[in-house]
Amino acid sequence: MIRIRTWCWTVLPLALVACSAIAQEAPDAMVKRVAEDVLAQIRADKDLQSGNQAKVKLVIETKLVPNFDFLRMTSLAMGRNWRTATPEQQKQLADEFRTLLVRTYSGALANYRDNTMDYKPLRMNPGDTEAIVRTEVRRSGQAPVQIDYSMEKLPEGWKAYDVIVAGVSLVTNYRDEFNDTVKSSGIDGLIAALVKKNAAAPAAAK
Amino acid sequence: MMIARIARQRRVGVGLAAAVVLLSGCATTQSRVDPFEPWNRAMLEVNDVVDGNFVKPVAEAYVKYTPEPIRSGVSNFFGNIDDLFIGLNNVLEGNGYRAGDDFGRVLLNSTFGLGGIFDLASMMGIEKHTQDFGITFGKWGIPQGPYLFVPLFGPTTLRDGTGTAIRAYLGPTTYIFGNVPLRNSIWGVGAVDARAQALGAESMIDAAALDRYRFIRNAYLRARRYQVYDGKPPPDEDDGE
Numbered sequence: 001m002i003r004i005r006t007w008c009w010t011v012l013p014l015a016l017v018a019c020s021a022i023a024q025e026a027p028d029a030m031v032k033r034v035a036e037d038v039l040a041q042i043r044a045d046k047d048l049q050s051g052n053q054a055k056v057k058l059v060i061e062t063k064l065v066p067n068f069d070f071l072r073m074t075s076l077a078m079g080r081n082w083r084t085a086t087p088e089q090q091k092q093l094a095d096e097f098r099t100l101l102v103r104t105y106s107g108a109l110a111n112y113r114d115n116t117m118d119y120k121p122l123r124m125n126p127g128d129t130e131a132i133v134r135t136e137v138r139r140s141g142q143a144p145v146q147i148d149y150s151m152e153k154l155p156e157g158w159k160a161y162d163v164i165v166a167g168v169s170l171v172t173n174y175r176d177e178f179n180d181t182v183k184s185s186g187i188d189g190l191i192a193a194l195v196k197k198n199a200a201a202p203a204a205a206k
Numbered sequence: 001m002m003i004a005r006i007a008r009q010r011r012v013g014v015g016l017a018a019a020v021v022l023l024s025g026c027a028t029t030q031s032r033v034d035p036f037e038p039w040n041r042a043m044l045e046v047n048d049v050v051d052g053n054f055v056k057p058v059a060e061a062y063v064k065y066t067p068e069p070i071r072s073g074v075s076n077f078f079g080n081i082d083d084l085f086i087g088l089n090n091v092l093e094g095n096g097y098r099a100g101d102d103f104g105r106v107l108l109n110s111t112f113g114l115g116g117i118f119d120l121a122s123m124m125g126i127e128k129h130t131q132d133f134g135i136t137f138g139k140w141g142i143p144q145g146p147y148l149f150v151p152l153f154g155p156t157t158l159r160d161g162t163g164t165a166i167r168a169y170l171g172p173t174t175y176i177f178g179n180v181p182l183r184n185s186i187w188g189v190g191a192v193d194a195r196a197q198a199l200g201a202e203s204m205i206d207a208a209a210l211d212r213y214r215f216i217r218n219a220y221l222r223a224r225r226y227q228v229y230d231g232k233p234p235p236d237e238d239d240g241e
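Given below as structure tokens:
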């Protein structure tokens, strides 16, 4: 007990310093930093472009995942069913949903190579703890696609809890699916469906 | 002739949809937007067989063996024709300013962009817009009607499908190219190009969806709603946490 406490007191100040440095970064600056970093990495690495799954997964896990709040995403995707789930079920749901999203983006990452991103000016008041960061993805010959990130300010910094692609919210689109599955086979049925989906061979890894 | 037929079909379709809604008095939202779900699901399966065996392999080979500059030239060429209709629809919606941009794009890309092969206008900052007859009809207040999945064409609604049919009827490949084999080849290349552009999104849907049918339908309907409301759709009923 005492050992743990001492450890806490040594680490805490360090952690706080690190956190405040991140927390000062505005949400739009954060999105830009992360997106440009990942795009640069894709453009520079032939393995990523050809879809080397191990490498792609590493980039997603280290660069993207830490910037998302999967628990909130899951609770939003569950809608009113979230409150009827036990804490254990909630954890399982969040874990499986996270795995599903990571796998989805692992298959798609290479597609973003030729994209350029535009960042719209952020409309936000100083004390706000919620913000929507608006971006536009451009590709030659096609209308730009609007991609918005719903962000929240947490003690450890800004995190995204929804991605809205051309008006289609990731969370809302899943809510329709989750709702139907819960209605027909219950929360455990939904967990089972997610587990099954995640266990299947990745469809996009060709 | 064709338009008349489509109009007739639409009336029949709308009548049918209304009957379905009336008969199932306590219809959920789901069946109201998608009264033909069993039929549509079957059509998705038909699509997967035909597409998976014939169309998709061609599109994949096209991407694999055609260098990127040529592919983007092809996309730009068809995109340039599209811009003409995007402009027309912006006129029909009373967006004169946007229509000006669209026609400016066509003018610039058709001339200096060598017949549309280069999208110079985008490089110069004249943005391409998203617009079609379905969106115009939606803005005029025409309801979307029942959701439909059409093999090889994908998700649509009665309203949007009617728009697509009108667009196909108006050409302009139909009359610009009198030579039938040439016109058909251009049509074919256009179809392969369109299919190739969907490859990325499609593999993502396969990876993301628990139920592919539902995922495609919901995403399609939401995206269309967003477009009809010009990016500011009214909130959903079930947006609470």
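Sequence lines, in order, name chains A and B. This note's numbering applies: residue 1 is where the first sequence begins, and numbers increase by one. This note's numbering applies: residue 1 is where the second sequence begins, and numbers increase by one. Ideal Cβ positions, reconstructed from N, Cα and C, are used throughout, including at glycine.
- Within the DSSP secondary-structure output, Thr-156 (chain B) pairs in a beta bridge with B:Leu-148.
- If you draw a straight line from the Cα of Leu-210 (chain B) to the Cα of Asn-109 (chain B), it is about 42 Å long.
- Legend: CB atoms of the segment 101–120 of chain A lying less than 7 Å from CB atoms of chain B belong to residues Arg-103, Thr-104, Gly-107, Ala-108 and Asn-111.
- Annotation: the continuous alpha helix (DSSP H) that includes Val-91 (chain B) extends over 68–92.
- At the C-beta level, Tyr-149 (chain A) and Ala-160 (chain A) come within 8 Å of one another.
- In the three-state reduction of the DSSP assignment, Met-124 (chain B) falls in the coil class, being assigned neither a helical nor a strand state.
- Within the same chain, Leu-148 and Val-150 come within 7 Å of Gly-161 (chain B) by CB-CB distance, once the 5 residues on both sides are set aside.
- In the displayed model, Leu-154 (chain A) falls within a strand according to three-state DSSP.
- With a cut-off of 8 Å on Cβ pairs, the segment 67–83 of chain B is in contact with the segment 98–116 of chain B, counting three or more such pairs.
- Taking a beta-carbon distance threshold of 8 Å, Lys-46 (chain A) does not count as an interface residue toward chain B.
- Identification of chain B residues near Thr-181 (chain A) by a Cβ-Cβ cut-off of 7 Å yields Leu-210, ordered along the chain.
- Ile-186 (chain B) and Thr-116 (chain A) have their alpha carbons spaced roughly 30 Å apart.
- Looking at the backbone, the Cα of Pro-146 (chain B) and that of Asp-176 (chain A) are separated by about 18 Å.
- Each of B:Pro-181, B:Arg-224, B:Thr-130 and B:Phe-153 was checked against the Cα of Ala-168 (chain B), and the nearest Cα belongs to B:Phe-153.
- In the DSSP assignment, Glu-136 (chain A) falls within the beta strand (DSSP E) that extends over 130–138.
- If you ignore the 5 residues before and after Arg-72 (chain A), its C-beta comes within less than 6 Å of the C-beta of Tyr-161, all in its own chain and listed in chain order.
- With contacts defined as CB atoms closer than 8 Å, Ile-147 (chain A) and Val-171 (chain A) fail to qualify as a contacting pair.
- When the beta-carbon positions are compared, Pro-181 (chain B) and Arg-159 (chain B) stay at least 8 Å from each other.
- It is roughly 10 Å from the alpha-carbon of Ile-70 (chain B) to the alpha-carbon of Asn-76 (chain B).
- For Arg-32 (chain B), the nearest beta carbon of chain A is not closer than 8 Å to its own beta carbon.
- When C-alpha distances from Leu-93 (chain A) are compared across A:Ile-191, A:Met-30 and A:Ala-200, the shortest belongs to A:Ile-191.
- Excluding residues up to 5 positions away in sequence, Leu-148, Val-150 and Thr-164 lie with their Cβ nearer than 7 Å to the Cβ of Thr-156 (chain B) in the same chain.
- Going by beta carbons, Leu-39 (chain A) and Leu-109 (chain A) fall outside the 8 Å limit.
- Rounded to the nearest angstrom, the Cβ distance from Leu-199 (chain B) to Ala-59 (chain B) is 6 Å, consistent with a contact under 8 Å.
- Distance from the Cα of Ile-126 (chain B) is smallest, within the candidate group A:Thr-135, A:Thr-129 and A:Pro-144, for A:Pro-144.
- Contact holds between the segment 210–230 of chain B and the segment 128–140 of chain B, because three or more Cβ pairs, one in each stretch, are under 8 Å apart.
- A residue is called buried once 16 or more other Cβ atoms fall within 10 Å of its Cβ, and Glu-61 (chain A), having fewer, is exposed.
- DSSP places Thr-116 (chain A) inside the beta strand (DSSP E), whose first and last residues are 116–119.
- Across the segment 106–127 of chain B, CB contacts with chain A closer than 7 Å involve Asp-119, Ser-122 and Glu-127, in sequence order along the chain.
- Per the coordinates, the alpha-carbon of Glu-152 (chain A) lies some 26 Å from the alpha-carbon of Met-204 (chain B).
- When the Cα atoms are used, Gly-107 (chain A) and Thr-84 (chain A) turn out to be separated by approximately 33 Å.
- Comparing C-alpha distances from Ala-200 (chain A) to each of B:Asp-206, B:Arg-195 and B:Gly-87 shows the shortest one belongs to B:Asp-206.
- Within a 10 Å sphere around the beta-carbon of Glu-202 (chain B) sit 16 or more other beta-carbons, which makes this residue buried.
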